[in-house]
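J.: Residue numbers (this note's numbering): 2 to 593.
Let me begin by handing over the structure; questions about it come next.
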Amino acid sequence: MTLQESLSQHIKQAFVTLYNTPLETVEFQATRKDFEGDITVVTFSMLRTIKMNPAQLGEELGAYLSEHVDEVVRYNVVKGFLNLVLSDAYFMTFFQTVCANPTFGFVSPSDDQAVMVEYSSPNTNKPLHLGHVRNNLLGYSVSEILKASGKKVYKTQIINDRGIHICKSMLAWQRYGNNETPESTGLKGDKLVGNYYVKFDQVYKEEIKELEAKGLSTEEAKAQAPILLEAQDMLLKWEAGDAAVVSLWEQMNAWVYAGFEVTYKALGVNFDSYYYESQTYLLGKSFIQEGLQKGVFIKKEDGSVWCDLTSDGLDEKIVLRADGTAVYMTQDIGTAIQRLKDFPDVGGMVYTVGNEQDYHFKVLFLILKKLGFDWAKNLTHLSYGMVDLPSGKMKSREGTVVDADDLIVEMASTAKEISQELGKLEGYSELEKAETYTTIGLGALKYFILKVDPKKRILFDPQASVDFQGNTGPFIQYTYARIQAILRKSPVETKDEPLLEYALHDKEKSLLKQLQLFPEVIQQAASNYSPALVANYAYDLVKEFNSFYQNVSILGADSTSEIRFRVQLSQAVATTIKNAFSLLGIQVPERM
RNA sequence: GGCCCAGUAGUUCAACUGGAUAGAAUAUCAGAUUUCGGCUCUGACGGUUGGGGGUUCGAAUCCCUUCUGGGUCACCA
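Structure below.
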C-alpha cells in the first residue's frame, strides 16, 4: 500500500471518529516549493461533506495524522491546504526500493486486454517527411508508455499501397525511367519512386498548359491531360489484375518498403505487424450488408449506402458507392474488425493520425458503436497538429518538404559541430563517435517534437534547428553522461545495500521527491497519451539534480556514508533519466 | 456559413485536468563557482492567460459571447 492510500484511509477513519461522517475521496497534491511539507491534502473539497471552516478542519486532520501515522512528523495549514512533512526514514525506505528496482516505475503487463497502436501509415509514392516524423515519434512513444503502464501493446501500420498516386509514379517511371533501379542509381528506393512522382506532376502541368493554349478551361485541361488519363487507365488495369501492371506495382512498392525500413531503423521505430490497403480495401463491404439489416445504414435510390448521423449532430456519411465499390470509411470499418479477428486479445485501438482527419475518426468510431461492437468504446484517435515551417506549409510538389532522412543526417552533423570542441570522446573510434553524434542529434529532434502537446501545431525552423541548451534532449543526455563520469570515478561500490539511517540534506530530499513522482507520471502519460508529460518530467528531474550537484559535493563529501548515498542517489537519477528517455525512444550516451 | 482544434512573459513551452502568489527555458542584465565534466548555480527584468460577461470558497482550465489563426465539411485516401 502506498503512503497516499494509507493516508487516505486514515483521513476517512478520522472523519468517522471525529465527525461521525463518511468521506468519499481524499484529494492529494505535491506541496508547492514555497511551503514547508512533502505532500498536501486539499480540505476545500471536503467541505461538501461537512460544513466547517477549512483551516480548522486542516488543523484537526493534521493533529490526527501526526498522532496516528508514523511517517508524518509535522504539519502546517494554509487556508484549505494541509501540508504534511514526512520523515527521513520514509524517504530512505523509498530509496531502497528504487535502488533494488532498475525499472522503477514500470508496471509489468497484466495479461488482460491488449492495445493496438497504429502509426506511420504512409503512402508508397514518396519518401517520409517531417510530418511523418512527428507521427512516428508520437506513435512509438505512446506505445512504449502504454507498455510501461502495464498494457500489452501491438504496434501496427496500414500502408497505403494502392491508388492513383502510386500509378502516377509507376507511369512516369515506365515512360522516363530507362530501367533505373535503386541499385543502378544508388538511391534509396522511396527516393527513386518519389522522384518519378514529381516527374509525373511536371509533365502533367505542361500538358495542362498546352491544352489551355488550345482554348480549354483549366478544369477541362486538368481532367483531360493525356498522362492523367493514362494513369487512371493504369489503376483500372491494376484493379482488374493485369499481370504487367501488377508486377510493376509489386516491384516499385518493394523498393519503397526497403527505403522505408532504412528510415524507420534510423528513427528507431518498429512494428509488430503490417496491414496493406491492397488487401483490406474490399474488407468492409460485407458489414455494410449487415448494417443495412440492423437499420444502421440506409440505401438510397441510386443504390449508394449511407449512415445518417444527423441525430448525433453530424452529417450523413456515404459508406458504399452507387456502383457498389468501397470508400475510405468502408475499408476502415473492415480493417478495424479484421484486426480484432487477427488479434483476439485486443480490447482497444489507438490511431495516430493528423488532426485533419478528426472528423473521419469521429464518424468511424460512431459507426462502429452503432454496429454494436463493444470494443468500439475503446478507440482513440491520437490526433496531432501539423508541423509548419517558417516559410509556411510543407508542400511536396513545391519542394518545401523536409525529408526525414536528410533531417536525421543534418541533426547529427549539428551535434558533431557542437560536441567536437568539447573533446570528451577521446579514445572513441570514428564509428563510436559517429554513433554518439547521431544519438545526440536524434535526441534533440525527438525531444523537441515530443515535449509539445500533440494537439498543438509545431513551428519547426530547420535553419535555427534545435537548441542544445535549456529544456532540450541533449541537455538531459549531457546530465546523464556527467553522472556516468561520476560513477566511473566513484571509490564506492554502488551495488552495496543502500543505507537506511541517514540525515537527509534538503537537496537530497527534493531529489527523492522528484524520483517518487515517476510511476505516477507514467500512468498519467498513458491515460492521456502524452509523451510530453514524460519529457517535462525528465527535465524537472535533471534540474533538481543540477541543483543538488551544485550544493553538495558528491565524491568529496565528508564521510564515506555520505559519498555512498550520494553516488547511489546519482545512479538512481541516471537510471530514471534513461528509463524516461526510453519511453520517448531516445537513447542516452555514456560520454558526449 | 456549420462543426472541430489552438490562442498563456519578446520567443519556445508548462501548469498534476477546478486549487495556493500562473511556472521553466531562451534572450537581456547582475552576481556565485573555476570543480566530479565543458553548457553548473543564485538573482533581476518580463503577464489584464486574445477581449467581454457568467458559474463558486477558488477559473488559464467549465458555460455564454466575441476576435484571430488553422483544420474540416469529396461517391480522394
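Even glycine gets a Cβ: it sits at the ideal position worked out from N, Cα and C.
How would you label Asn-254, buried or exposed, when you count the other beta carbons within 10 angstroms and need 16 or more for buried?
T.: With 16 or more other Cβ atoms within 10 Å, it is buried.
J.: Rounded to whole angstroms, how far is the Cβ of Ser-88 from the Cβ of Val-74, which I believe are closer than 8 angstroms?
T.: Confirmed, Cβ separation roughly 5 angstroms.
J.: If we ignore side chains and look at the alpha-carbon of each, how far apart do Ala-90 and Asp-507 end up?
T.: Approximately 14 angstroms, taken between the alpha carbons.
J.: Nearest CA to the CA of Gly-242: which residue from Glu-211, Gly-106, Ser-279 and Trp-256?
T.: Ranking Glu-211, Gly-106, Ser-279 and Trp-256 by Cα distance to Gly-242 puts Ser-279 first.
J.: Since Leu-451 contacts Pro-532 with CB under 8 angstroms, what's their CB separation in whole angstroms?
T.: Between Pro-532 and Leu-451 the Cβ distance is about 4 angstroms, and since that is below 8 angstroms, they are a contact.
J.: In whole angstroms, what is the alpha-carbon distance linking Pro-590 and Ile-419?
T.: Taking the straight line from one Cα to the other gives about 15 angstroms.
J.: For Ala-173 and Glu-357, what's the separation of their Cα atoms in angstroms?
T.: Going from the Cα of Ala-173 to the Cα of Glu-357 covers about 29 angstroms.
J.: Under the three-state reduction of DSSP, which class applies to Asp-71: helix, strand or coil?
T.: Reduced to three states, the DSSP call for Asp-71 is coil.
J.: Per DSSP, which residues does Glu-317 bridge with? Please list them.
T.: Answer is Asp-309.
J.: Are Tyr-308 and Lys-300 closer than 7 angstroms when you measure CB to CB?
T.: Rather than Tyr, the amino acid found at residue 308 in this sequence is Cys. Not a contact, by the Cβ cut-off of 7 angstroms.
J.: Count the other C-beta atoms from every protein chain shown that fall within 10 angstroms of the C-beta of Met-47, then say buried if there are 16 or more, exposed otherwise.
T.: It is buried - the Cβ of Met-47 has at least 16 other Cβ atoms within 10 Å.
J.: Is there contact here, the segment 140-158 with the segment 344-351, by at least three beta-carbon pairs under 8 angstroms?
T.: With the cut-off at 8 angstroms, the segment 140-158 and the segment 344-351 touch.
J.: Starting from His-11, trace the alpha helix (DSSP H) in both directions and tell me its first and last residue.
T.: Looking at the DSSP string, the run of the alpha helix (DSSP H) that includes His-11 is 4-15.
J.: To which residues of the same chain is Thr-22 closer than 7 angstroms at the C-beta, ignoring the five residues directly before and after it?
T.: The answer, listed in chain order, is Phe-16, Thr-50 and Ile-51.
J.: Roughly how many angstroms lie between the CA atoms of Glu-28 and Leu-58, to the nearest whole one?
T.: About 14 angstroms.
J.: Give every residue of the same chain whose Cβ lies closer than 7 angstroms to the Cβ of Asn-137, excluding the five residues on either side of it in the sequence, and list them in chain order.
T.: The answer, listed in chain order, is Tyr-120, Ser-121, Leu-268 and Val-270.
J.: Could you have a look at Gly-140 and say whether DSSP puts it in helix, strand or coil?
T.: Gly-140: helix per DSSP, three-state reduction.
J.: Given this structure, state the Cα-to-Cα distance separating Asp-462 from Ala-416, to the nearest angstrom.
T.: If I take the Cα positions, the gap works out to 16 angstroms.
J.: May I ask which residues mark the beginning and end of the beta strand (DSSP E) holding Thr-576?
T.: Note, Thr-576: premise wrong, no beta strand (DSSP E); alpha helix (DSSP H) at 561-584.
J.: Just to confirm, are Val-403 and Leu-131 a CB contact at a threshold of 7 angstroms?
T.: Yes, the pair counts as a contact, with Cβ atoms nearer than the cut-off.
J.: What separation, rounded to the nearest whole angstrom, lies between the Cα atoms of Thr-186 and Pro-128?
T.: Their Cα atoms are separated by approximately 16 angstroms.
J.: Using beta-carbon positions only, say whether Ala-435 and Pro-475 come within less than 7 angstroms of one another.
T.: Cβ distance not < 7 angstroms, so Ala-435 and Pro-475 don't count as in contact.
J.: For a test of the three-state rule: what should DSSP assign to Glu-545, helix, strand or coil?
T.: Residue state, collapsed to three classes: helix.
J.: Identify, in the order they occur along the chain, each residue of the same chain with its Cβ nearer than 6 angstroms to the Cβ of Val-493, setting aside the five sequence neighbours on each side.
T.: Answer for Val-493: Ile-564, Arg-565 and Val-568, listed in chain order.
J.: Quick check on the DSSP output: the beta strand (DSSP E) that includes Tyr-277 runs from which residue to which?
T.: That run of the beta strand (DSSP E) goes 274-277.
J.: From what residue to what residue does the alpha helix (DSSP H) around Gln-203 run?
T.: Start and end: 190-214.
J.: Between Pro-391 and the rest of its own chain, which residues show a CB-CB distance below 6 angstroms, the 5 nearest in sequence each way excluded?
T.: Closer than 6 angstroms at the Cβ level, and outside the excluded window around Pro-391, lie Asp-462.
J.: Taking only three categories from DSSP, how would you classify Met-105?
T.: The sequence shown places Phe at residue 105, rather than the Met named in the question. Residue state, collapsed to three classes: coil.
J.: If we call anything under 7 angstroms between Cβ atoms a contact, is Gly-386 one with Lys-457?
T.: Cβ distance < 7 angstroms, so Gly-386 and Lys-457 count as in contact.
J.: Can you round the beta-carbon distance between His-11 and Val-70 to whole angstroms, since I take them to be within the 8 angstroms contact cut?
T.: Right, the Cβ-Cβ distance comes to about 6 angstroms (below 8 angstroms), so this counts as a contact.
J.: Measuring only the C-alpha atoms, how far is Ala-575 from Gln-30?
T.: Answer to the nearest angstrom: the Cα atoms are 25 angstroms apart.
J.: Confirm, please, whether the CB-CB distance from Val-204 to Ile-228 is below 7 angstroms.
T.: A contact, by the Cβ cut-off of 7 angstroms.
J.: Per DSSP, Lys-153 is paired with what?
T.: Answer is Ala-115.
J.: Distance check for Asn-552 and Glu-431, CA to CA, integer angstroms please.
T.: Taking the straight line from one Cα to the other gives about 37 angstroms.
J.: How far does the alpha helix (DSSP H) with Leu-83 in it extend, from its first residue to its last?
T.: Element bounds for Leu-83: not the alpha helix (DSSP H) but the beta strand (DSSP E), 82-87.
J.: Based on DSSP bridge pairs, tell me the residues matched to Val-347.
T.: Val-347 is bridged to Ala-115.
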